[in-house]
Every structure is written in C-alpha cells, then in structure tokens.
Amino acid sequence: EDSGGTLGALRLKVRLIEDRVLPSRYYQPLTELLMASVLGPAEEDAASPLAVLEELTLGDCRQDLATKLVKLFLGQGLAGPFLDYLTRREVARTTDPNTLFRSNSLASKAMEQFMKLVGMPYLHEVLKPVIHRVFEEKKYMELDPCKMDLGRSRRISFKGAPSEEHVRDASLGLLTGYLGPIVDAIVGSVGRCPPAMRLAFKQLHQCVKERFPQAEHEDVKYLAISGFLFLRFFAPAILTPKLFDLRDQHADPQTSRSLLLLAKAVQSIGNLGQQLGQGKELWMAPLHPFLLQSISRVRHFLDQLVDVDGEEEAGGPARALVAPSVIVREGYLLKRKEEPASLTTRFAFKKRYFWLSGEALSYSKSPEWQMRSSIPVSHIRAVERVDEGAFQLPHVMQVLTQDAAGVLHTTYLQCKNVNELNQWLSALRKASAPNPDKLASCHPGAFRSSRWTCCLQAERSAAGCSRTHSAVTLGDWSDPLDPDAEIQMVYRQLLLGRDQLRMKFQEDPNIDSSPEADAEKGSGATEGVCPDALARHREAAARLLEVLEDLDRAHEEFQQREQQRAALSPLG
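Taking the numbering used here, the leading residue of the sequence shown gets 4, the next gets one more, and so forth.
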C-alpha cells in the first residue's frame, strides 16, 4: 500500500524434475555394484564404478551427486568405507600437500555433505549460543580502515570524536569477546562430535600421515581435517547461519559484516595460521595474537578428535539422520484449540513456545516454563495450511491428530510469516512421515457457525474437501533417507555419461589399445595404462553398462503398463 500497490517485478527461473522411482528390487544390481567398490581394496585406478561416476560428473552436479551417494552409503552403514575409499584415491593422486582437498572433487564434496548430514545437531550445539548473541546485540565491529564508518561509531559511547584507532580497539575487544566462546565451544566439543564423523576424520588422518610422512609435512594431517571441519563446516555456518538452520532469517548488512569478520578469523585458525600476515588483508593483524594462541589448542583438539576406537559405522545401517530426541525446530507460535466455546477468534489464539522432535510436538507458555503439554508425533495424521478466510488471519496451519480411541482432533497454529509457515509445515510433515493411516483429504477451512467455511457442509464429520500434501516438504539436511530415490538419481547421472563411458572404456576391436595409439589420437582416457589395467577398466564399464540397460528396460516396461492402464480407463 505504501508503494501505491506496485512493488516491481521478479524474473524467476524454475526447474521441475519429474522422475519415476521403481520398486527397490530393480535397483539392487546397481546398489551392489556401488557397495562392492568400497568393500574391495582401495585401488587407485579407473576400474571402480565410483571412479567412473566421478569422471563423468560435471562440477555443477557433483554436490547433488555427493549428497545422494552419502545418503545411500549411510543407509547401508557404509559411509565410513565410502569416504575412506574416495579420500585414499584423492590423496594418492595428490603430489603437492598444499593442494590436498582444495578442489571440488567428489571426495571433497562427499565429506562436506557427510558433515552436514551427520553433524548438523552438533554444529547447532557448538555455534548457536554465540551466533544468537551476535544477532541480538548488533554491535558495530570493523577492522578494515577502508570500511570504517566513523559517523556510525559515534553512537557507541566514545568520548569526543572517534578515530580509526578507537574504532579498531573497540572492535578488537568485541571480536575477541565473540571468538573466545566460539573457540572454547569448538575445542571443548570432542565428546559431542558424532562418532561417525570422528571415525571418518581418523581414517583421513591416518591416510594423509602415511602419504606425507616427512617432518616438513607435519601439519598436513591436521590441515586435512581442519580444512573440512573449520573451512567447510564451522566458518560457512558462521558466515551464513540461515543456510545451516542456525537462524530463520538472513542477517542485516551490519550483522553480516560482523559474521564475515568472525568467519575469517575461524578460517585463519583452521589454516593453523599458515597465511597470517600474507595477502591483502593486513588489517586483520590486530587479531593475530589471539589467533596464534588458539592454534595450539586446535591442534590438541584435533588429536583428541581422532583418538577414537571402532572400525565399524556407529549404529550400523540407518533410515533416519536425526535421533528421535533431537529438537529439529523450535520457536513461538500462536495456538488455537479446535472450537473454543465462547471466545471470539481474536482471543482464541494464545502465544506458546513450541519444540518439535521426532517424538513429540511440545509447548509451554515460555521456553523457561516448567510445565509442558505435548502432542505425540506418532498421532499426527495430516499437517496442512488453513485458508485465510477461516479465521480472517494469514499464515495459519492445522495439525490433525488421532487419539487411541480413533477420534480426530485439530490444533490450529499461526506463524509470523509465510517463510516460518513453510518451515513448520515441512518439519512437521517430515517428522510424521513414517506414520501409518495418514489422511488423504481434509478441510482447509474451519468449522464455525455450524458449517465448514471452505465447502459449507453442515456436518462436522463431513469428508474433507481438499487433498492433503504430506509429501510436500522443503529439502534440507534433515530429510529422511530414501535409498530408491537416491539410487534413481545416481542412475540418471550415469545415463548422461553413458555414451562417453562407451567411447572411453568399452572394448572396440577396431581400436588399438596401446598407449602410443591413444597418445596419437589425443585420448586421455587410457593413455599410459597397461593392458591388464585397461582390461579391468573395460570389464567394469561393461558391468555398469549392462546394469544401466537392465534399468532402461524396467523403466520402459513400467511406462508401457502406465500407458495401457490409461488407455483402458474410462477417461481414456
């Protein structure tokens, strides 16, 4: 309204991916082929299907592929061997330790996605208190003279006109006041780090130590781990907390700058001070004494982190990434019972603080309140939006539950905005995903004045007039494992490179497989490879192509059946 009804225009680029996921048995050969890759010896050659997959996958798709593969191997209880296999291949082909895991290889992306999938609750426990303070306190911090706003600084209790030196000293005190608790929380978190992450880091530490045993490479085994844990996990989470579910909203420009300074400092600690005083950011020098003091503590922390027993994947095969007791979402919502007897709509909604775990949706008057009520997640049958016209209020959703007697109950919840509404809808639907007897339909309105506001039916027990959307969720780290969908994505990725796979590896009697012939033709696929290795490459490619052809036929058969059913239906 303030803009006269016009807010401008947005240009959206939307990609819709629709795919058919076959029954599990059809994917078994491809799954076994992938699992056999990591269960066998970690040979550094191109015969592994995973190695073929890495070569055929472009950089843009590697993150999606890495996420699917990590979830697939997690579900099989083989995430540790999978990561160990990829990291050993990467380490074996690295000659300069300074470039180790610096590229976006499949090994790097897989370890990065593994940390996000397994370690997100750990990350929240370590960083959330300090990140919350930074957002709430909104302190002005700046060390770069080129970016200092002395006019802005006058508002933070300096006597007289502030100088660059005053701003720098005050900012240094504030930054170390935040960095201290961050470093303390990280180095004191060994016992809280997920066992699966610690085992993966232990394997990585041992592999790098064996590859670079020289005294001058003493720090490489630390840098390999800190490069992932600090540079690809803690620092990015500090820089953009919303992307790691640490905050619901992005930071304002001032807070964003403060987070950038903190992330740079944590990144320098993760680099073990190797690049301090180098490059263009010499204005970070006032922080150097604090950073150098922290580095020895970080080395000790990394030593403790890899000091863990156990060779097997903690917990074995898993279907879920989040323990039932872990809080996946919390915050204030307005709650309304199904049908207050005498209260008007305006007073029927009461502010309550909610916690959602895999076991229950709990709430109380405030976070500190001792008395809590709860709705078991196993009782949830649907979670849906509510039309604005039902209560003349926006951003309302309904949670439909069924008690032991089979009676349905509805709880209405109002969120602050549409983003919060989508996040709660998604979280509740994911938490209740395994529940049986979900409702296929419900009423998007409310039963008021003896009728439903949506369809005007007069019976409270009338069948729902709108279908439910239990599978519509926002994709994030807490998504349940879905091995069939994951292996289907891997299959689709392999199809994109099938022709290239045939050209590079498949047996062709008309092609001279000697290294000299390959060099003359400009082929890099088999150049310098001995005949035995080349035979193994071709054998692996032939097995993979055979599995892909079987899946092709299965998809074609299912498509034909669907077309036949459509033709026989009344509409057909």
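Glycine included, every Cβ here is placed at the ideal spot set by N, Cα and C.
Quick test of the definition: if touching needs 3 or more C-beta pairs under 8 angstroms, does the segment 265-273 touch the segment 428-445?
Counting C-beta pairs closer than 8 angstroms gives fewer than three between the segment 265-273 and the segment 428-445, which falls short of the contact rule.
Contact set for SER259: own chain, Cβ-Cβ below 8 angstroms, skip 5 residues either direction:
Against the sequence shown, residue 259 aligns to sequence position 256. Correct list, in chain order: HIS253.
field: Selection from VAL493, ASP147, PRO370 that minimises the alpha carbon distance to GLY283
entry: Looking up residue 283 in the sequence shown gives position 280. One point to set straight first is that residue 283 is Lys, not Gly, in the sequence displayed. Cα-wise, what sits closest to LYS283 is ASP147.
### Message
Based on DSSP bridge pairs, tell me the residues matched to ARG451.
### Response
Walking along the sequence shown from the start, residue 451 turns up at place 448. DSSP lists ARG454 as partners of ARG451.
Alpha carbon to alpha carbon, what distance is there between SER365 and THR97?
-> Indexing the sequence shown from 1 puts residue 97 at position 94. Indexing the sequence shown from 1 puts residue 365 at position 362. Roughly 51 angstroms between the two C-alpha positions.
ask   = Which value, in whole angstroms, describes the spacing of the CA atoms of GLN426 and HIS169?
value = Start at 1 with the first residue of the sequence shown, and residue 426 comes out as number 423. Start at 1 with the first residue of the sequence shown, and residue 169 comes out as number 166. Rounded to the nearest angstrom, the two C-alpha atoms are 43 angstroms apart.
request  = Taking 8 angstroms as the cut-off, decide whether the C-beta atoms of SER40 and ASP487 are in contact.
outcome  = Translated into the one-based positions of the sequence shown, residue 40 becomes position 37. Translated into the one-based positions of the sequence shown, residue 487 becomes position 484. Result no, Cβ atoms of SER40 and ASP487 do not sit closer than 8 angstroms.
Item to check | THR102, DSSP secondary structure in three states | outcome: Position 99 of the sequence shown, counted from the first residue, corresponds to residue 102. Helix.
Q | Residues that DSSP places opposite HIS412 in a beta bridge | A | Counting from 1 along the sequence shown, the entry for residue 412 is found at position 409. Paired residues: THR404.
| task | Compare the Cα-Cα distances from LYS433 to each of SER572, VAL223, LEU477 and report the closest residue. | result | As a first step, residue 433 is located in the sequence shown; it is residue number 430 there, counting from the start. Measuring from the Cα of LYS433, the nearest candidate turns out to be LEU477.
| task | For ARG250, collect the residues of the same chain with a Cβ closer than 6 angstroms to its Cβ; drop the 5 residues on either side in sequence, then sort them by chain order. | result | Position 247 of the sequence shown, counted from the first residue, corresponds to residue 250. Once the five neighbours on either side are set aside, the close Cβ partners of ARG250 are PRO244.
Which value, in whole angstroms, describes the spacing of the CA atoms of LEU294 and VAL121? Position 291 of the sequence shown, counting from 1, holds the residue named residue 294. Position 118 of the sequence shown, counting from 1, holds the residue named residue 121. Distance between the alpha carbons of LEU294 and VAL121: 28 angstroms.
* Is there contact here, the segment 454-465 with the segment 413-420, by at least three beta-carbon pairs under 8 angstroms? -> No, the segment 454-465 does not touch the segment 413-420.
| task | Note down the Cα distance separating ARG495 from PHE304, rounded to an integer number of angstroms. | result | Counting from one through the sequence shown, the residue named residue 495 turns up at place 492. Counting from one through the sequence shown, the residue named residue 304 turns up at place 301. Going from the Cα of ARG495 to the Cα of PHE304 covers about 41 angstroms.
Inset, instruction - Figure out for me which residue from ARG539, GLN307, LEU15 has the closest Cα to the Cα of ILE189. - result: Position 186 of the sequence shown, counted from the start, is the residue given in the question as residue 189. Here the closest residue by C-alpha is GLN307.
- Query: Cα separation between PHE288 and ARG171?
  - Reply: Within the sequence shown, numbered from 1, the residue matching residue 288 stands at position 285. Within the sequence shown, numbered from 1, the residue matching residue 171 stands at position 168. Position check: residue 288 holds Ala in this sequence, whereas Phe was assumed. The alpha-carbon atoms of ALA288 and ARG171 are separated by roughly 11 angstroms.
Are there 16 or more other CB atoms within 10 angstroms of the CB of CYS533, so buried, or fewer, so exposed?
Position 530 of the sequence shown holds residue 533. Around the beta carbon of CYS533, fewer than 16 other beta carbons lie within 10 angstroms, which makes this residue exposed.
### Message
Between SER174 and MET144, how many whole angstroms is the CB-CB distance? I'm expecting something under 8 angstroms.
### Response
Residue numbering aside, residue 174 sits at position 171 when the sequence shown is read from its first letter. Residue numbering aside, residue 144 sits at position 141 when the sequence shown is read from its first letter. That belief holds up - the Cβ atoms of SER174 and MET144 are roughly 4 angstroms apart, short of 8 angstroms.
Contact set for LEU263: own chain, Cβ-Cβ below 8 angstroms, skip 5 residues either direction
Locating residue 263 in the sequence shown gives position 260, where the first residue counts as 1. Excluding residues within five positions, the ones whose Cβ falls inside 8 angstroms are LEU242.
With 16 other CB atoms within 10 Å as the buried threshold, where does ARG92 fall? The residue given as residue 92 occupies position 89 in the sequence shown. Answer is buried; the Cβ neighbour count reaches 16.
Apart from the five residues on each side of it in sequence, which residues of its chain come closer than 8 angstroms, Cβ to Cβ, to HIS398?
-> Position 395 of the sequence shown, counted from the start, is the residue given in the question as residue 398. Excluding positions up to five away in sequence, the list reads GLN417, CYS418, LYS419, ASN420, VAL421, GLU423, LEU424.
Candidates ARG214, GLN206, ALA218, ASN274: which alpha carbon is nearest ARG235's?
Residue mapping note: residue 235 aligns to position 232 of the sequence shown, counting from 1. Selected option, being the one with the closest Cα: ASN274.
Quiz item: From the DSSP output, which residues share a beta bridge with LYS353?
Solution: Taking the first residue of the sequence shown as 1, we reach residue 353 at position 350. Paired residues: LYS338.
- Write down the C-beta distance between LEU53 and TYR88 rounded to the nearest angstrom, noting that I regard them as a contact closer than 8 angstroms. Against the sequence shown, residue 53 aligns to sequence position 50. Against the sequence shown, residue 88 aligns to sequence position 85. Contact between LEU53 and TYR88 holds, with the beta-carbon distance rounding to 7 angstroms and staying under 8 angstroms.
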